[in-house]
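Visitor: Position 345, counted from 1, in the sequence shown is what my numbering calls 347; the numbers after and before it change by one each time, with no gaps. Handing you a structure now.
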Amino acid sequence: MLDFFTIFSKGGLVLWCFQGVRGPAATAPVNALIRSVLLQERGGNNSFTHEALTLKYKLDNQFELVFVVGFQKILTLTYVDKLIDDVHKEFRDKYRNEFQQKGALGLLNGTFDFKDDFMRLLRDAEESSKVRAPTVMKTFEQSLKSQKTVKCMIETRGEKPKEKVKNKKNKGSKKDGTEAVAAPSKASASDKQLSAAGDKEELTKDEILQKNREEFFRRHMKAGEKSRSPKPDAQKEKGKKPRVWDLGNSNAKVLDYSNSATNGSAEACPVEEFDPDMALGDKNREPGRLYDLEYESEDEAEEEKVVQNPSKPSVKKGGLGGMFGMLKGLVGSKSLTRQDMDPVLEKMKDHLIAKNVAAEIAVQLCESVAKKLEGKVMGTFTTVTSTVKQALQEALVQILQPQRRVDVLRDVMDAQRHRRPYVVTFCGVNGVGKSTKCAKISFWLIENGFSVLIAACDTFRAGAVEQLRTHTRRLNALHPPESHGGRTMVQLYEKGYGKDAAGIAMEAISYARNQGFDVVLVDTAGRMQDNAPLMTALAKLIAVNAPDLVLFVGEALVGNEAVDQLVKFNKALADHSMAQTPRLIDGIVLTKFDTIDDKVGAAISMTYITSKPIVFVGTGQTYCDLRSLNAKAVVAALMKA
């Protein structure tokens, strides 16, 4: 039984609505469909689930209409697809003239009496689903076994099936043939040897084979004796010499730290000397500012080439050939069909996959663009390729601009007003750069005037605490307490290795609250999405400490793996959390963006699968190489040929 069926325009005007059951109106699920699917360009699948309802929809791009049907998701209604197609066709045909003649005024002033037609179509659809007879199992007479006689199924003892005998005969004939071919050649060789020795007697096949075997073993034994013969080797010097590297220090005493009094003591370690310019990178940057990603599109590059070479004459194609070449592929005042778009969409899909977009996401994107454009009337002098490309660009920009925007600085200031630290937790797989991004974000927060406490909750990886300690030392060297009124801007909270990460994070948050730190950055151990015990520990850490922001750190190098990582991380956090409303990933940090050139598809895959924003992008090795995502720049790189 249907809960509702509604028809409305893309402008939001409801033309007609059917309410099948008493209860709340269809406003909430339809609004959720508009927000999550239609506005976010996720129309690859015509089904959407909202709470206990399943919604199916169909777009009419010619008249800008949307048809939506809703029913309980526990029901299996096989006639819904047929019903929505029939209603779409009937409604279009009935009010076509009104839409074409009056346009938008026809929608505002028109009266759409469609209830009788809808009930008739609903009855027809329900009857058609009942008419289909269930599949019946074949009888014995209809099977192939019934066509066999009893005589052909009886096997006598000692008698082999005919087919096997034939096969063996064929194999035997082939074997005999090969032996017959091999035997003459061997016989001829042996005959030559025998004639050379003066033996003129004729030998049988067995004798010839025996002689050949003896000759083969005789040669083999001679070769073995030659290889075993001792050779005069130079006597090796006893003992092992230490290896001396070309660029290393040959004095072993320099490398001996066994008697050093300062070994392993953090307090007695000398202050590390390094070049601040190398750590900071760009000298002309504005401190504390998070710059956008920059990318030069093809159009801008072409404009620059034209400006740089104004004296270069343009090559013009003369005659009718140039005119017909320009008009080739143009569509004038006709509605787009799926057959027109399929070749272009296939090329677009291959292009997206080549740019590191996950294959599944690329298919869904092209399907969404096809549904958006199918039936849309094209203008004159407009190509199908340019129209599809423009629609795909708009969809990609919309995907990279999710519903919720994360403003870290504003949230930190809000936490300051409530006199509590703002807690950020980093999670992700092994080796993606969580600790490095933790240090870069710390530097960015310090330059904006916030004090940071880094919680070393990676108690598994060897060297994880030492890495964060080195970053803390460098950050304090760049921003010494003297420059901030005697206040230490960054500090490391660590308890060593082999401890409970959730407990360390809780102690760090309590310490930050008592000491007045503004932000706590929790660095966790890397883990694969399939490792259930480690994912349970991560879910425990997030559930116990309730951080303000959970950031997933992922590489820009991955393609299909990005979808698998994010889906399984979110699923594991939901499954292993004890809360009724589990805490999931809030945002994404994309690392190693400087290594991929224009293959930026991982950004599309990650945002499409989670609808979460990309908060930070890592673009280099220095502390200043932190960027915010520029959707248009990423799409320009993605669409580059």
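C-beta atoms are modelled at their ideal positions from N, C-alpha and C, and glycine is treated no differently.
If you check the beta carbons only, do LYS351 and ALA364 fall under 7 Å apart?
Guide: By 1-based counting over the sequence shown, the position of residue 351 is 349. By 1-based counting over the sequence shown, the position of residue 364 is 362. Closer than 7 Å, so yes.
Visitor: Do ALA503 and THR461 have their C-beta atoms within less than 7 Å of each other?
Guide: Counting from 1 along the sequence shown, the entry for residue 503 is found at position 501. Counting from 1 along the sequence shown, the entry for residue 461 is found at position 459. Contact flag set, yes.
Visitor: Can you give me the Cβ contacts of LEU551 inside the same chain, cut-off strictly under 6 Å, excluding the 5 residues immediately before and after it?
Guide: For the purposes of this step, residue 551 is taken as residue 549 along the sequence shown, with counting starting at 1. For LEU551, where only same-chain residues beyond five positions count, the Cβ hits under 6 Å are VAL426, ASP588.
Visitor: Could you give the residue range of the beta strand (DSSP E) that holds GLY589?
Guide: On the sequence shown, position 587 is the one that residue 589 refers to. Note, GLY589: beta strand (DSSP E), 589–593.
Visitor: How many Å lie between PHE120 and GLN21 at the Cα?
Guide: For the purposes of this step, residue 120 is taken as residue 118 along the sequence shown, with counting starting at 1. For the purposes of this step, residue 21 is taken as residue 19 along the sequence shown, with counting starting at 1. Those two C-alpha atoms are separated by around 12 Å.
Visitor: Is the region 607–615 close to the region 461–481, with three or more CB pairs under 8 Å?
Guide: At 8 Å Cβ cutoff, the stretches do not touch.
Visitor: What are the uninterrupted segments assigned as alpha helix (DSSP H) that are 4 or more residues long and contained completely in the region 480–548, given in chain order?
Guide: Correct list: 503–517, 534–547.
Visitor: Are at least three pairs of beta-carbons, each pair with one atom in the region 534–550 and one in the region 480–499, less than 8 Å apart?
Guide: The answer is no - the region 480–499 does not touch the region 534–550, with fewer than three Cβ pairs under 8 Å.
Visitor: What residue does the beta strand (DSSP E) around HIS420 start on, and which one ends it?
Guide: Taking the first residue of the sequence shown as position 1, residue 420 is located at position 418. That residue, HIS420, is in no beta strand (DSSP E); it is neither H nor E in DSSP.
Visitor: Kindly indicate which residue of LYS140, ASP95, GLN623 has the alpha-carbon position closest to the one of THR438.
Guide: Against the sequence shown, residue 438 aligns to sequence position 436. Nearest option by C-alpha distance: GLN623.
Visitor: Between which two residues does the beta strand (DSSP E) containing GLN21 stretch?
Guide: Stepping through the sequence shown from its first residue, residue 21 is reached at position 19. Here the beta strand (DSSP E) through GLN21 covers 16–21.
Visitor: Taking DSSP's pairing of strands, which residues face VAL365 in a bridge?
Guide: Residue 365 sits at position 363 when you count from the first residue of the sequence shown. In DSSP, VAL365 forms no bridge with anything.
Visitor: Out of curiosity, what's the CA-to-CA distance linking VAL521 and ALA510?
Guide: As a first step, residue 521 must be located in the sequence shown, where it is residue number 519. As a first step, residue 510 must be located in the sequence shown, where it is residue number 508. Distance between the alpha carbons of VAL521 and ALA510 is about 11 Å.
Visitor: Buried or exposed for GLU302, please, with buried defined as at least 16 other CB atoms from any protein chain shown within 10 angstroms of its CB.
Guide: Working through the sequence shown from its first residue, we reach residue 302 at position 300. Bear in mind that the predicted position of GLU302 carries a pLDDT of just 48, short of 50, making it unreliable; the figure below should be weighed with that in mind. It counts as exposed.
Visitor: So is THR141 buried or exposed if we call it buried at 16+ other beta carbons inside 10 Å?
Guide: Working through the sequence shown from its first residue, we reach residue 141 at position 139. It counts as exposed.
Visitor: For LEU398 and SER607, what's the separation of their Cα atoms in angstroms?
Guide: Walking along the sequence shown from the start, residue 398 turns up at place 396. Walking along the sequence shown from the start, residue 607 turns up at place 605. Straight-line Cα distance between these residues: approximately 10 Å.
Visitor: Please identify the residue among ASP416, ALA30, VAL454 whose C-alpha is closest to the C-alpha of GLU53.
Guide: Locating residue 53 in the sequence shown gives position 51, where the first residue counts as 1. Residue ALA30 is the option with its Cα nearest to GLU53.
Visitor: Measuring straight from C-alpha to C-alpha, what distance separates PHE519 and ALA441?
Guide: The residue you call residue 519 lines up with position 517 of the sequence shown. The residue you call residue 441 lines up with position 439 of the sequence shown. One C-alpha to the other measures close to 16 Å.
Visitor: DSSP state of LEU338, grouped into three classes?
Guide: For the purposes of this step, residue 338 is taken as residue 336 along the sequence shown, with counting starting at 1. It is coil, neither helix nor strand.
Visitor: Based on Cα-Cα distance, which residue from LEU402, LEU553, ARG122 lies nearest to LYS436?
Guide: For the purposes of this step, residue 436 is identified with residue 434 of the sequence shown, where counting begins at 1. Checked all of LEU402, LEU553, ARG122; the closest Cα to LYS436 is LEU553.
Visitor: From the DSSP output, in three-state form, read off SER130 for me.
Guide: Here residue 130 corresponds to residue number 128 of the sequence shown, with the count starting at 1. Helix.
Visitor: May I ask you to list the residues that DSSP assigns as paired with GLY72?
Guide: Indexing the sequence shown from 1 puts residue 72 at position 70. Its beta-bridge partners are PHE6, LEU57.
Visitor: With distances taken from CA atoms, which of GLN400, LEU402, LEU375, GLN403 is nearest VAL390?
Guide: As a working mapping, residue 390 is identified with position 388 in the sequence shown. Selected option, being the one with the closest Cα: LEU375.
Visitor: Quick one, which of LYS573, VAL82, GLU100 has its alpha-carbon nearest LEU123's?
Guide: To locate residue 123, count along the sequence shown from 1; it is residue 121. Nearest option by C-alpha distance: VAL82.
Visitor: Look at ALA127 and LEU85 and say whether their C-beta atoms are less than 7 Å apart.
Guide: The count along the sequence shown starts at 1 and reaches residue 127 at position 125. The count along the sequence shown starts at 1 and reaches residue 85 at position 83. It is a contact, given that the beta carbons lie within the stated cut-off.
Visitor: DSSP state of GLU143, grouped into three classes?
Guide: As a working mapping, residue 143 is identified with position 141 in the sequence shown. In the structure shown, GLU143 sits in coil (DSSP, three-state: anything other than H, G, I, E or B).
Visitor: Return yes when the Cβ of ARG489 is within less than 7 Å of the Cβ of PRO483, no when it is not.
Guide: The sequence position of residue 483 within the sequence shown is 481, counting from 1. The sequence position of residue 489 within the sequence shown is 487, counting from 1. Contact flag set, yes.
Visitor: Could you name the residues of the same chain whose beta carbon sits closer than 6 Å to that of ASP5, not counting the 5 residues immediately before and after it, in chain order?
Guide: Looking up residue 5 in the sequence shown gives position 3. Contacts found: GLY22, VAL23, GLY72, PHE73.
Visitor: Please report how far the alpha carbon of LYS147 lies from the alpha carbon of MET139, in whole angstroms.
Guide: Counting from one through the sequence shown, the residue named residue 147 turns up at place 145. Counting from one through the sequence shown, the residue named residue 139 turns up at place 137. Cα to Cα, the separation comes out at about 15 Å.
Visitor: As a quick exercise: from ALA527, LYS378, TRP446, pick the residue whose alpha carbon is nearest that of ASN432.
Guide: Walking along the sequence shown from the start, residue 432 turns up at place 430. Here the closest residue by C-alpha is ALA527.
Visitor: Which one of LEU470, ALA574, LEU455, ASN562 has the shortest CA to CA distance from ASN516?
Guide: The residue given as residue 516 occupies position 514 in the sequence shown. Out of LEU470, ALA574, LEU455, ASN562, LEU455 has the C-alpha closest to the C-alpha of ASN516.
Visitor: GLU563 lies in the alpha helix (DSSP H); which residues open and close that run?
Guide: Here residue 563 refers to the residue found at position 561 when the sequence shown is read from its first residue. Per DSSP, GLU563 belongs to the alpha helix (DSSP H) from 562–578.
Visitor: Take ALA581 and list the residues in its own chain whose beta-carbon comes closer than 7 Å to its own, dropping the five residues that flank it on each side.
Guide: To locate residue 581, count along the sequence shown from 1; it is residue 579. The answer, listed in chain order, is ALA545.
Visitor: Quick check: the Cα distance between PHE452 and SER512, rounded to an integer number of angstroms?
Guide: One-based indexing of the sequence shown puts residue 452 at position 450. One-based indexing of the sequence shown puts residue 512 at position 510. Taking the straight line from one Cα to the other gives about 17 Å.
Visitor: Let me know the secondary structure DSSP gives TYR625 once reduced to three states.
Guide: In the sequence shown, residue 625 corresponds to position 623, counting from 1. In this structure, TYR625 counts as coil in the three-state DSSP scheme.
Visitor: Grouping DSSP H, G and I as helix and E and B as strand, with all else coil, what is GLU557?
Guide: Here the question's residue 557 lines up with position 555 in the sequence shown. If DSSP states are grouped into helix, strand and coil, GLU557 belongs with the strands.
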